[in-house]
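Enquirer: Protein chains in written order, with our numbering: chain A, 7 to 316; chain B, 11 to 473.
Every residue, glycine too, gets a C-beta built ideally from N, C-alpha and C.
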Amino acid sequence: MAVITADRPIRRRRRGARRVLFEMRKEWSAYAMLSPSILLMGIFTLFAAGFAFYLSFHRWDVLNPAKPYVGLQNYRELKNDAYFRQAVKNTAYFTLGTVPLSVVFGLLIALLLNRQIRGRAVFRTLFYLPVVTPLIVSGLIWKWVLDGDFGLLNYYIGKIGISPQLWLSNPSLAMPSVIMVSVWATVGFTMLVYLAGLQAIPQEYYEAAAVDGAGGWKQFRHITLPLLAPSTFFVTVYLIISSFQVFDQIFVMTNGGPLRATTTVVYYIWQAGFQQFTMGYASAMAYGLFAIIFVFTIIQVVIYNRRTDA
Amino acid sequence: MRKAVLSASVCAVMVVAAGCGSSGSSGPGGTTHAVNQTVQSNAIGQKLDLSKLSPSIKDPSSPVTITYETWQDFSKGSLPALAKEFHQIHPNISIKFLAVPADSAQTKLTTQIAGGNPPDVAYVDDGTVSAFAPRGAIENLQDYMSKSKATPQSDYVPAFAKMVSYQGQMFGLPIDGESTALFYRTDEFQKAGISGPPKTWAELEADAKKLTIPSEKQYGYALFATTGETSYYWYPFLYQAGGTQTTDDDKKAAFASPAGLKAGEFYVGLRKYSSPDLWGSDSWTSRSTFATGKSAMYMAGAWFAGEMENTFKKQIGNNWAVAPLPTMTATSPCATTIAGDALVMPSAGKNHDAAWKWMEFLSAPQNMALLNLGTKKNPTTLLPPRTSLLSNPDTFKSNPILKPFADNMKCGITNLSDNPNWGNVDSGPLSDALAHGIYGKGNIDDELKSAAQKADSLLQAPS
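This is the structure in structure tokens:
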């Protein structure tokens with residue numbers, strides 16, 4: 007930067023801007039078609055995010071139009087809120103449980119369904135079905151399956167001699183149960199990404215490896231896995247971000263309980279905003295969550311870049 | 011949570027009310043006259059002249075539409091019939107119903123008010139009134155009430171009037187209500203050799219013990235440890251022991267008093283006779299355990315009777331009865347919680363006078379009775395929160411099951427507080443303390459004491 011003369015970057019930028027406008031004019035129809043989404047996204051995502059940032063420095067009870075400025079008070083409160091810390095811990099627990107399991111099972115299923123087996127399309131559809139089913143619906147069904155007294159799961163494990171468990175009512179089992187349901191709900195997505203990744207690997211590599219005498223495991227270890235790295239990276243980043251934002255299954259299945267064992271950050275934000283009417287504080291928490299997700303994503307990008315550079 | 015539970019059940023009950031209304035008003039024609047006759051011919055209570063309820067408040071000079079947001083069933087039955095009759099009396103006012111699911115009613119109204127487009131009139135849980143009134147979101151109705159024949163303040167049951175009051179002013183018109191009582195399985199009691207419902211805490215515990223056989227998933231009582239729910243069903247014990255939630259000025263927690271600790275110990279002690287699987291649940295979701303006999307006793311509001319009568323009749327038959335809540339000792343005073351719904355007028359609404367006309371119309375004794383009690387063929391189980399209707403013997407002719415609840419009213423205490431931060435105490439430290447006790451994680455006395463300390467700082471925080 008220091009060696010560049012003063013007028014150079016400005017000229018370059020001007021030229022850049024003109025170029026963008028030129029490109030836009032060339033493709034104006036594309037922008038016309040994009041405008042509804044851009045507009046909706048602008049209002050419901052960008053504006054909302056900006057408004058939340060503004061609110062995080064104010065106190066607002068939603069009903070009263072007055073929004074007194076409170077400076078950093080909401081963020082200071084955040085630092086001392088034991089419930090928030092607990093929610094962060096619960097969210098980390100959820101993420102650490104869901105992401106690896108979903109990645110591993112998604113990969114295994116993708117490997118199986120990448121083979122020439124009968125009914126492959128049917129299986130792929132079945133595994134993908136939970137992804138397109140809203141969790142608010144399937145969560146309700148799971149709640150019944152996991153019922154301690156009359157649930158199907160206890161009925162079947164009873165048949166093989168395991169005593170019934172309070173899946174959702176036992177504070178130490180509730181989160182694992184929610185994780186199980188979430189893995190079930192996301193594994194179809196992971197599978198789909200891996201299937202696409204697998205089909206992009208040229209068959210010649212395997213043929214060459216076979217000629218060199220590499221067996222199935224070695225082929226998997228040295229060809230499949232490394233060449234799936236972009237898929238793994240994408241899936242992991244995506245799952246971590248969505249796991250940090252987990253809400254639906256908690257809302258439907260446990261209401262954050264028992265004993266707050268499943269109160270995650272977004273659930274706690276919802277409680278603060280819509281049950282306790284502390285919208286400013288809820289906004290501050292949302293930005294706290296944003297910071298956490300941002301840091302994790304940066305770390306992942308750095309790790310991925312270092313790996314692929316090496 | 012309990013709000014949602016009550017609301018959902020009220021909704022279910024209202025469906026029945028509406029259903030029976032429709033069979034009455036489905037006569038040919040459907041003119042004003044027909045509506046008047048069929049809707050109100052068997053109405054209970056004082057029959058006011060509905061066209062002269064508040065002559066000093068003028069009707070609008072040009073047509074206006076009043077929006078009424080509710081989870082009552084308005085697709086059929088008495089409510090649309092009443093709206094039709096109302097329009098005949100006030101030709102310039104039309105009623106437009108807006109449906110809202112009971113469990114998201116408060117959230118929806120909150121966002122509507124924040125967005126500046128609330129309904130003109132809303133049907134809400136009493137808890138919503140106490141959350142909204144201090145924030146200036148709904149109108150003080152005192153002035154309107156004084157101008158109307160339909161809403162004499164003295165006729166509202168004082169505890170219900172208090173629930174919708176903020177700083178001594180009424181911000182909602184109580185429209186239906188219920189008290190909490192003890193439901194018990196007569197067949198299970200007989201099997202266990204218990205002659206009648208428990209009258210004291212000691213009897214309650216002894217009976218619960220006799221009725222509990224864990225190996226058969228058979229329990230004497232149903233206890234809940236979820237946020238809001240656990241505190242709501244603890245309050246009667248707190249009141250019975252002579253305790254209160256807060257000090258008289260609402261500024262400090264008082265629930266960790268010796269009376270409160272005693273109530274806490276007793277309540278948490280019932281965990282031994284309650285299915286652990288219900289702890290993470292709530293009274294609405296778990297009502298089936300009473301219907302199937304898995305919980306032999308169940309503390310719940312009048313809505314629960316409607317559920318057993320209508321939804322679970324097949325499973326439970328007539329093997330159940332209702333009793334007033336037991337008292338701490340044979341000589342200590344009775345106490346129960348009461349809850350209900352009310353009509354409110356959001357401040358940002360545009361037609362306050364016309365909105366009021368609709369509110370007073372629904373509140374007129376004959377219409378309030380109609381909305382709450384249904385008919386002889388299809389009784390519903392909500393109580394009209396007006397003294398004149400509760401003391402009217404006709405009220406209980408078609409639904410005698412309501413009588414114990416009405417008798418219980420004199421012991422009714424509201425758990426709502428004038429301090430807008432109380433909700434945070436209830437759903438925060440207090441619920442946590444009781445839940446910890448029920449799950450056996452910590453000594454209940456210590457839990458309540460530390461909860462009271464946290465509560466003090468919450469109660470004094472700016473709202």
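I need the boundaries of the beta strand (DSSP E) containing B:Thr321, first residue and last residue.
Expert: From DSSP, B:Thr321 is part of no beta strand (DSSP E); its letter is neither H nor E.
Enquirer: Just verifying my parser: in three-state terms, what is the DSSP assignment at B:Asp351?
Expert: B:Asp351: strand per DSSP, three-state reduction.
Enquirer: Closer than 8 Å by beta-carbon distance: list the chain B residues that pair up with A:Asp87, in chain order.
Expert: Chain B residues near A:Asp87: none, gap ~11 Å exceeds 8 Å.
Enquirer: Per DSSP, what are the beta-bridge partners of B:Tyr166 in this structure?
Expert: According to DSSP, B:Tyr166 bridges with B:Arg396.
Enquirer: Looking at the secondary structure, which residues open and close the beta strand (DSSP E) in which A:Trp34 lies?
Expert: Careful: A:Trp34 lies outside any beta strand (DSSP E), inside the alpha helix (DSSP H) at Trp34 to Met47.
Enquirer: Would you decide whether A:Val301 is buried or exposed? Buried here means 16 or more other CB atoms lie within 10 Å of its CB.
Expert: A:Val301 comes out exposed.
Enquirer: Comparing the C-beta of B:Ile326 with each C-beta of chain A, is any distance below 7 Å?
Expert: Chain A, which has no Cβ nearer than 7 Å to the Cβ of B:Ile326, makes this no.
Enquirer: DSSP three-state call for B:Ala333: helix, strand or coil?
Expert: Note: B:Ala333 maps to strand in three-state DSSP.
Enquirer: Which word fits A:Ala54, buried or exposed, when buried means at least 16 other C-beta atoms lie within 10 angstroms of its C-beta?
Expert: Looking at its Cβ environment, which holds fewer than 16 other Cβ atoms inside 10 Å, A:Ala54 is exposed.
Enquirer: What does A:Val68 touch in chain B if you count any residue whose Cβ is under 7 Å from its own?
Expert: Under the 7 Å cutoff, chain B gives Thr120 and Ala124.
Enquirer: According to DSSP, which residues form a beta bridge with B:Phe107?
Expert: Note: B:Phe107 sits in a beta bridge opposite B:Tyr78.
Enquirer: What number of angstroms, rounded off, separates the C-alpha of B:Leu335 from the C-alpha of B:Gln250?
Expert: B:Leu335 and B:Gln250: Cα-Cα distance of roughly 10 Å.
Enquirer: Would you grab the beta carbon distance between A:Pro74 and A:His64 for me? Rounded to a whole angstrom, and I think it's under 8 Å.
Expert: Yes, they are in contact, since the Cβ atoms of A:Pro74 and A:His64 sit about 6 Å apart, within 8 Å.
Enquirer: Within 7 Å of any Cβ in chain B, is that where the Cβ of A:Pro264 sits?
Expert: For A:Pro264, the answer is yes, since a Cβ of chain B falls inside 7 Å of its Cβ.
Enquirer: Name the two residues that bound the continuous alpha helix (DSSP H) containing B:Met378.
Expert: Counting along the chain, the alpha helix (DSSP H) containing B:Met378 begins and ends at Pro375 to Leu383.
Enquirer: Checking contacts by CB at 7 Å: is B:Trp289 closer than that to chain A?
Expert: B:Trp289 counts as touching chain A.
Enquirer: Taking A:Ser175 as the query, report the chain B residues whose CB atoms sit under 8 Å from its CB, ordered along the chain.
Expert: Within chain B, the residues near A:Ser175 are Pro286, Asp287, Leu288, Trp289, Gly290 and Ser291.
Enquirer: Report the neighbours of B:Asn525 on chain A: residues whose CB is nearer than 9 Å to its CB, in chain order.
Expert: Not covered by the structure: residue 525 of chain B. The range shown for chain B is 11 to 473.
Enquirer: Against B:Arg145, what residues of chain A qualify as contacts under a CB-to-CB distance less than 9 Å, listed in chain order?
Expert: What B:Arg145 touches in chain A: Asp67, Val68, Leu69, Asn70 and Phe283.
Enquirer: Given a cut-off of 7 Å, decide if A:Ala290 and A:Thr284 are closer than it, judged by their beta-carbon atoms.
Expert: No, they are not a contact pair.
Enquirer: If you follow the alpha helix (DSSP H) that B:Thr302 is in, where does it begin and where does it stop?
Expert: Counting along the chain, B:Thr302 falls outside any alpha helix (DSSP H), and DSSP gives it neither H nor E.
Enquirer: Is there at least one Cβ from chain A nearer than 7 Å to B:Ala44's Cβ?
Expert: Residue confidence for B:Ala44 is low, a pLDDT of 38 falling below 50, so the modelled location carries little weight; the figure read from the coordinates is stated next. No - not a single Cβ of chain A is within 7 Å of the one on B:Ala44.
Enquirer: For B:Ala22, I'd like the list of residues in its chain whose CB is within less than 8 Å of its CB, leaving aside the five on either flank, ordered along the chain.
Expert: Confidence at B:Ala22 is low in this model, with a pLDDT of 37, below 50, so its placement is unreliable and no value can be given for it.
Enquirer: With a Cβ-Cβ cutoff of 7 Å, do B:Gly253 and B:Ala269 count as a contact?
Expert: Yes; because the gap between Cβ atoms is below 7 Å, this pair is in contact.
Enquirer: Of the residues B:Lys159, B:Ala160 and B:Val139, which one's Cα is nearest the Cα of B:Asn150?
Expert: Checked all of B:Lys159, B:Ala160 and B:Val139; the closest Cα to B:Asn150 is B:Val139.
Enquirer: Under 7 Å, do B:Leu444 and B:Trp244 count as touching if we go by C-beta distance?
Expert: Yes. Within cutoff.
Enquirer: Counting only beta-carbon atoms, is A:Leu172 nearer than 7 Å to chain B?
Expert: Yes, A:Leu172 counts as interfacial toward chain B.
Enquirer: Report the rounded CA-to-CA distance for B:Lys451 versus B:Leu383, giving the unit in angstroms.
Expert: When rounded, the distance between both Cα atoms is 44 Å.
Enquirer: Name, going along the chain, the residues of the region 413-438 of chain B whose beta-carbon falls closer than 7 Å to a beta-carbon of chain A.
Expert: Listed in sequence order: Gly433, Asn434 and Ser437.
Enquirer: Alpha carbon to alpha carbon, how far is A:Asp155 from A:Ile168? Give it in angstroms, no decimals.
Expert: One C-alpha to the other measures close to 14 Å.
Enquirer: Checking 7 Å against the spacing of the C-beta atoms, do A:Met259 and A:Gly145 come in under that value?
Expert: Cβ atoms of A:Met259 and A:Gly145: closer than 7 Å.
Enquirer: Unbroken alpha helix (DSSP H) runs of length 4 or more, entirely within the region 410-448 of chain B: which are they?
Expert: Runs of the alpha helix (DSSP H) inside the region 410-448 of chain B: 413-418, 432-435 and 441-448.
Enquirer: Please classify A:Thr269: is it buried, with 16 or more other beta-carbons within 10 angstroms of its beta-carbon, or exposed?
Expert: The residue in question, A:Thr269, is buried, as its Cβ has 16 or more Cβ neighbours within 10 Å.
Enquirer: Output, in sequence order along the chain, the residues in the region 447-458 of chain B whose CB is closer than 8 Å to any CB in chain A.
Expert: Residues Tyr449 and Lys451.
Enquirer: Beta carbon of B:Asp442, beta carbon of B:Leu271: below 7 Å?
Expert: Contact flag unset, no.
Enquirer: Only counting the same chain, and skipping five residues up and downstream in sequence, which positions put a Cβ closer than 6 Å to that of B:Ala264?
Expert: So the list reads Thr254, Thr256 and Thr257, once near-sequence residues are dropped.
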